[in-house]
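Each residue of the sequence shown is one higher than the one before, counting from 136 in our numbering.
This report concerns only the one structure given below.
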Amino acid sequence: MAEQEKILLQRIKNSDKVAFNQLFSDFHDTLFRFVVYRVQDADLAEDITQETFLRVWRARDSIQPKKSFFSLIARISTNLCYDHFRHLEVRHRHEDSIPEFGKSHFDDPEAVSHANMLQEKIQKIVNEKLPDKCRNIFILSRIEGKSNPEIAELLDLSVRTVENQIYRALKVLKNNLKNYL
């Protein structure tokens with residue numbers, strides 16, 4: 136983790152709004168893309184991203200400057216995503232009894248449908264079958280396009296750990312996508 140990040144975290148812990156704005160600027164876009172991948176909705180992702188930073192500010196007294204800031208915001212945003220999906224599940228349970236009109240399975244070509252199914256399957260595997268650490272590293276690598284050394288620095292891990300987690304994620308995906316490959 137960069138020394139500058141530790142300094143900013145200590146300043147935030149002391150209620151320094153300028154330091155908070157700096158970390159917000161540094162991490163907003165990365166966190167936003169991280170959340171978009173999970174929820175597949177830019178507006179919702181922006182709301183979750185904003186709520187994540189708001190929670191960081193509210194809990195600034197408990198920030199540990201020696202810990203990775205991205206790990207903190209990734210954990211908070213992941214929990215917010217889970218909360219959102221739990222809420223949706225409850226809502227959908229009650230909506231199932233109402234018929235839905237106006238949708239036709241003929242609207243999309245077969246290829247688009249198959250591609251969407253595959254994308255959903257991959258996303259489901261990533262979100263449900265990968266442990267948090269492995270999932271976060273996989274998303275940073277394959278979705279964000281970050282290099283292994285960048286991920287290692289961002290999450291305060293060794294490059295070897297990052298490589299092992301990516302290998303593990305790819306192995307889980309391969310095993311779960313046998314029917315699609």
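Every residue, glycine too, gets a C-beta built ideally from N, C-alpha and C.
Whole-Å CB distance - residue i paired with residue j, under 8 Å assumed
i       : j       : result
Ala-180 : Val-191 : Not confirmed; about 17 Å, so no contact.
Lys-268 : Val-307 : The pair is not a contact, with the Cβ atoms about 13 Å apart (cut-off 8 Å).
Val-261 : Asn-283 : At roughly 18 Å, the Cβ-Cβ gap does not stay under 8 Å, so Val-261 and Asn-283 are not in contact.
Leu-289 : Ser-203 : 7 Å
Ser-206 : Asp-291 : 7 Å
Ile-278 : Arg-210 : Contact flag wrong, Cβ pair sits at about 17 Å.
Ile-222 : Val-174 : At residue 222 the sequence reads His, which differs from the Ile that was named. Going by Cβ atoms, the distance from His-222 to Val-174 rounds to 12 Å, so no, they are not a contact pair.
Residue i in three-state terms, based on DSSP
i       : result
Gln-199 : coil
Leu-265 : coil
Gln-175 : coil
Ala-154 : helix
Asn-149 : coil
Ala-250 : helix
Ala-194 : coil
Ala-209 : helix
Ala-137 : coil
Phe-241 : Note that Phe-241 scores 45 on pLDDT, short of 50, meaning its location in the model is unreliable; the coordinates nonetheless yield the value given after this. If DSSP states are grouped into helix, strand and coil, Phe-241 belongs with coil.
Close Cβ partners of residue i (< 7 Å) along its chain, the five nearest in sequence each way excluded
i       : result
Lys-141 : Pro-200 and Lys-201
Leu-166 : Thr-184, Thr-187, Ile-208 and Ser-212
Ala-177 : Val-171
Arg-303 : Cys-269
Leu-305 : none
Close-in-space but distant-in-sequence residues of the same chain around residue i (CB under 8 Å, 5 per side omitted)
i       : result
His-163 : Thr-184 and Phe-188
Ile-147 : Ala-154, Phe-155, Leu-158, Val-191, Trp-192, Arg-195 and Ile-198
Segment contact flag, the stretch 273 to 290 with the stretch 180 to 189, C-beta cutoff 8 Å, min 3 pairs = no
key: Segments of 4+ residues assigned as alpha helix (DSSP H) that fall wholly inside the stretch 276 to 315   = 283 to 290 and 294 to 311
query = At a cut of 8 Å, does the stretch 252 to 262 reach the stretch 304 to 314 through at least three beta carbon pairs?
reply = yes
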